[in-house]
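2 protein chains.
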Amino acid sequence: MRIDVKAAARLLEGQDDILILSHGHPDGDTLGCGFALCRGLQKLNKRARVECADEIPDKYSYLWREVERPDFVPRFIVAVDVADTKLLGKAFESRYADQIDLCIDHHGSNILYAERTLLDASAGATCEVIFEVLKALHVEMDAQIADCIYTGLSTDTGCFRYSNATARTHRIAAEMIDCGADAAIINQVMFETKTRTYAALERLALDSLEMYFDGRAALVTVTQEMYRLSGSDESECDPIASLPRQIEGVLVGAMLREKVDGTFKVSIRTHRPVDAAALCKRMNGGGHPRAAGCQLEGPLERAKEELLSNIKAVLEA
Amino acid sequence: MRIDVKAAARLLEGQDDILILSHGHPDGDTLGCGFALCRGLQKLNKRARVECADEIPDKYSYLWREVERPDFVPRFIVAVDVADTKLLGKAFESRYADQIDLCIDHHGSNILYAERTLLDASAGATCEVIFEVLKALHVEMDAQIADCIYTGLSTDTGCFRYSNATARTHRIAAEMIDCGADAAIINQVMFETKTRTYAALERLALDSLEMYFDGRAALVTVTQEMYRLSGSDESECDPIASLPRQIEGVLVGAMLREKVDGTFKVSIRTHRPVDAAALCKRMNGGGHPRAAGCQLEGPLERAKEELLSNIKAVLEA
Numbered sequence: 036m037r038i039d040v041k042a043a044a045r046l047l048e049g050q051d052d053i054l055i056l057s058h059g060h061p062d063g064d065t066l067g068c069g070f071a072l073c074r075g076l077q078k079l080n081k082r083a084r085v086e087c088a089d090e091i092p093d094k095y096s097y098l099w100r101e102v103e104r105p106d107f108v109p110r111f112i113v114a115v116d117v118a119d120t121k122l123l124g125k126a127f128e129s130r131y132a133d134q135i136d137l138c139i140d141h142h143g144s145n146i147l148y149a150e151r152t153l154l155d156a157s158a159g160a161t162c163e164v165i166f167e168v169l170k171a172l173h174v175e176m177d178a179q180i181a182d183c184i185y186t187g188l189s190t191d192t193g194c195f196r197y198s199n200a201t202a203r204t205h206r207i208a209a210e211m212i213d214c215g216a217d218a219a220i221i222n223q224v225m226f227e228t229k230t231r232t233y234a235a236l237e238r239l240a241l242d243s244l245e246m247y248f249d250g251r252a253a254l255v256t257v258t259q260e261m262y263r264l265s266g267s268d269e270s271e272c273d274p275i276a277s278l279p280r281q282i283e284g285v286l287v288g289a290m291l292r293e294k295v296d297g298t299f300k301v302s303i304r305t306h307r308p309v310d311a312a313a314l315c316k317r318m319n320g321g322g323h324p325r326a327a328g329c330q331l332e333g334p335l336e337r338a339k340e341e342l343l344s345n346i347k348a349v350l351e352a
Numbered sequence: 036m037r038i039d040v041k042a043a044a045r046l047l048e049g050q051d052d053i054l055i056l057s058h059g060h061p062d063g064d065t066l067g068c069g070f071a072l073c074r075g076l077q078k079l080n081k082r083a084r085v086e087c088a089d090e091i092p093d094k095y096s097y098l099w100r101e102v103e104r105p106d107f108v109p110r111f112i113v114a115v116d117v118a119d120t121k122l123l124g125k126a127f128e129s130r131y132a133d134q135i136d137l138c139i140d141h142h143g144s145n146i147l148y149a150e151r152t153l154l155d156a157s158a159g160a161t162c163e164v165i166f167e168v169l170k171a172l173h174v175e176m177d178a179q180i181a182d183c184i185y186t187g188l189s190t191d192t193g194c195f196r197y198s199n200a201t202a203r204t205h206r207i208a209a210e211m212i213d214c215g216a217d218a219a220i221i222n223q224v225m226f227e228t229k230t231r232t233y234a235a236l237e238r239l240a241l242d243s244l245e246m247y248f249d250g251r252a253a254l255v256t257v258t259q260e261m262y263r264l265s266g267s268d269e270s271e272c273d274p275i276a277s278l279p280r281q282i283e284g285v286l287v288g289a290m291l292r293e294k295v296d297g298t299f300k301v302s303i304r305t306h307r308p309v310d311a312a313a314l315c316k317r318m319n320g321g322g323h324p325r326a327a328g329c330q331l332e333g334p335l336e337r338a339k340e341e342l343l344s345n346i347k348a349v350l351e352a
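Taken in order, these protein sequences are the chains called C and G. Taking this note's numbering, the leading residue of the first sequence gets 36, the next gets one more, and so forth. Taking this note's numbering, the leading residue of the second sequence gets 36, the next gets one more, and so forth.
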């Protein structure tokens, strides 16, 4: 059942011992949502904690500085920024898939798996929706919550760069800065800092750059071998996905990321008028109009062939 | 004489045949200011036009789509985002240096050369100040003005990434998006598009990367030879200045850019606690706390030596 912000707030008001789940391979939005909501509920004297199926990278540790992690048997489960139970991560999918009481999300592709879903696909980040829920719960904002919400806004919109950064996104960002969000430091950590291993991986990936269809599509590949050579790993890979689309004339940029099992995770970034979600849907994936993803079988040449034939079809449409 | 927003608006209200000057080697803020103010004054039925000593790159052409360029003998001259008459560019410095009636700026280093100066060093971009002047003039905002103001906000704050992007910056951005600013397209043009020649120049410049002082300083050099090899030129150089600071542990990132006359233009980007403006002041330059610049004599080794001895002094302070 779809519910609105007020109904979600009323629902949460009546609950306690609340487990909040982020998606696996966590990013700034799902974690910002999780810890902002958790801190907000704790400020209302509820027991709540955040869990993630995968390890959370250290760079996010400022998100839970002032968030407690109480032990309890969950009586209510909320998934934040999780469009599909598959995205909870393997361990959590089997444990929680049919037990989610409330999902709060901004992905138009949400499969409505939860008992109740608060979905606002016009939000640039799920943190915008969490902000509204916290307001409806009359939670007093503080610097910890502001850091969390700001992180989601900034990371999901490429630091306010993409079309999903709306006037509302900017207004919430302004309020979060007024509440003490350390915006410049957060952006420095999220966008301005390249580890030496990432810098090496980026160089290797860019060496693999290939252009197709008169320069309208560009592909980079990240292989397990590149992780070994650079000392990097999959957790550092995400920013590379946006590089191919930056080259002038490119409408579809793609990153093929080799998994340990030999399959490929594909990240698509597009410019108008190409719909990334529609392109990925052809390959059983999904996402947003300008950023989406899917999985393809290996080996690399087979994955590329399938990807390119779908890109071709979309460019010709 | 320093004046406030209201006084600047009253002053402009009483004038006509207004020439607006941007700084030379123009950027998104000085041009956004110029064309926003020009369009605003034209909407108040005044004659006004923008001039720049240097050629304006084509990518900015959307800023004057709906701005007229009437011919008249100026009776009032406004400089926007110009901290020093030297920055007007050679041709304009000799012609206009002692004739500027009003300067509107956000550089703390402004030398107060104009008859009257509206200076707000807390503004992330001079476009924030222009926005307030247009409000005080009761100019009705439109999509053209919104594109101009948004461009200044976005380009001068690294797309809202740096510490100069305040709550006010975000609130004005929100209002500009509501007024029709095409934010995503502007950011795509300003931040997301690499020409093939720029991409080649970037690769050459990164090959010159040197680290000093236990990795706390990083230098890249851009030479005339690199322009020849890449097919690029100085107009594409700016984004390279921010790359050295991105490497983890770097507090001072510098780009040395070889000019045709063999001197070097130095662009400094710092992280807290290093003050870029103070560093550049030691070398007769200036700017902002995190981004500043200066000129050094060649040859390259001499320029590097002078730069490094000043960086060393600042790091040891």
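Built from N, CA and C at the ideal position, the CB exists for glycine as well.
How far does the alpha helix (DSSP H) with residue i in it extend, from its first residue to its last?
{"i": "CYS138 (chain G)", "result": "Unbroken run through CYS138 (chain G) is the beta strand (DSSP E), 137-140; no alpha helix (DSSP H)."}
{"i": "LEU46 (chain C)", "result": "40-48"}
{"i": "PHE226 (chain G)", "result": "First-last for PHE226 (chain G): undefined, no H or E at that position."}
{"i": "THR186 (chain C)", "result": "178-191"}
{"i": "VAL168 (chain G)", "result": "161-171"}
{"i": "LEU72 (chain C)", "result": "63-78"}
{"i": "ILE212 (chain G)", "result": "202-213"}
{"i": "LEU54 (chain C)", "result": "No alpha helix (DSSP H) holds LEU54 (chain C); the beta strand (DSSP E) holding it covers 53-56."}
{"i": "ALA216 (chain G)", "result": "Counting along the chain, ALA216 (chain G) falls outside any alpha helix (DSSP H), and DSSP gives it neither H nor E."}
{"i": "CYS315 (chain C)", "result": "311-316"}
Give the interface partners of residue i over in chain G, defined as CB-CB distance under 7 Å, in chain order.
{"i": "ASP213 (chain C)", "result": "ALA202"}
{"i": "ASN222 (chain C)", "result": "ARG196"}
Could you spell out where the beta strand (DSSP E) holding residue i opens and where it closes?
{"i": "ALA247 (chain C)", "result": "Strictly speaking, residue 247 (chain C) in this sequence is Tyr, with Ala absent from that position. Counting along the chain, the beta strand (DSSP E) containing TYR247 (chain C) begins and ends at 245-247."}
{"i": "GLY328 (chain C)", "result": "326-331"}
{"i": "GLU175 (chain G)", "result": "That residue, GLU175 (chain G), is in no beta strand (DSSP E); it is neither H nor E in DSSP."}
{"i": "PHE111 (chain G)", "result": "111-115"}
{"i": "ARG84 (chain C)", "result": "83-86"}
{"i": "ILE346 (chain G)", "result": "Per DSSP, ILE346 (chain G) belongs to no beta strand (DSSP E); it is in the alpha helix (DSSP H), 335-351."}
Anything in chain C within Cβ reach of residue i, meaning under 7 Å, just list it in chain order.
{"i": "TYR197 (chain G)", "result": "ALA219"}
{"i": "ALA208 (chain G)", "result": "HIS205"}
If the cut is a Cβ gap below 9 Å, which residues of chain G does residue i touch?
{"i": "ILE282 (chain C)", "result": "THR228, LYS229, THR230, ARG231, ALA234"}
Strictly by DSSP, which residues pair up with residue i?
{"i": "MET290 (chain C)", "result": "C:VAL255, C:SER302"}
{"i": "GLY284 (chain C)", "result": "Paired residues: none, contrary to the question."}
{"i": "GLY321 (chain C)", "result": "C:GLY328"}
{"i": "THR152 (chain G)", "result": "G:ARG37, G:CYS138"}
Do the CB positions of residue i and residue j come within less than 7 Å of each other?
{"i": "ALA160 (chain C)", "j": "GLY193 (chain C)", "result": "no"}
{"i": "ILE17 (chain C)", "j": "ASP182 (chain C)", "result": "The shown model of chain C, from 36 to 352, leaves out residue 17 (chain C), and the question about it has no answer."}
{"i": "ARG304 (chain C)", "j": "GLY321 (chain C)", "result": "no"}
{"i": "ALA171 (chain G)", "j": "ALA313 (chain G)", "result": "no"}
{"i": "ARG82 (chain C)", "j": "ASP51 (chain C)", "result": "yes"}
{"i": "ARG206 (chain G)", "j": "ALA158 (chain C)", "result": "no"}
{"i": "ILE112 (chain C)", "j": "LEU54 (chain C)", "result": "yes"}
{"i": "LEU137 (chain G)", "j": "ALA156 (chain G)", "result": "no"}
{"i": "VAL102 (chain G)", "j": "CYS73 (chain G)", "result": "yes"}
{"i": "ALA114 (chain C)", "j": "LEU56 (chain C)", "result": "yes"}
{"i": "LEU286 (chain G)", "j": "VAL257 (chain G)", "result": "no"}
{"i": "ARG251 (chain C)", "j": "LEU343 (chain C)", "result": "no"}
{"i": "ALA253 (chain C)", "j": "ILE282 (chain C)", "result": "yes"}
Quick one: Cα of residue i to Cα of residue j, how far?
{"i": "THR230 (chain G)", "j": "LYS94 (chain G)", "result": "12 Å"}
{"i": "LYS347 (chain C)", "j": "PHE248 (chain C)", "result": "8 Å"}
{"i": "ALA216 (chain C)", "j": "GLN179 (chain C)", "result": "7 Å"}
{"i": "ILE212 (chain C)", "j": "ARG203 (chain G)", "result": "9 Å"}
{"i": "ILE184 (chain G)", "j": "ASP106 (chain C)", "result": "51 Å"}
{"i": "GLU271 (chain G)", "j": "SER302 (chain G)", "result": "14 Å"}
{"i": "ARG292 (chain G)", "j": "GLN330 (chain G)", "result": "9 Å"}
{"i": "TYR9 (chain C)", "j": "THR232 (chain C)", "result": "Because chain C here runs from 36 to 352, residue 9 (chain C) falls outside it and cannot be looked at."}
{"i": "VAL164 (chain C)", "j": "VAL174 (chain G)", "result": "34 Å"}
{"i": "THR65 (chain G)", "j": "GLY284 (chain G)", "result": "32 Å"}
{"i": "ALA126 (chain C)", "j": "ALA88 (chain C)", "result": "6 Å"}
{"i": "ASN345 (chain G)", "j": "MET318 (chain G)", "result": "8 Å"}
Any beta carbon of chain A sitting closer than 7 Å to that of residue i?
{"i": "LEU278 (chain G)", "result": "Among the chains of the structure shown, chain A does not appear; the protein chains present are C and G."}
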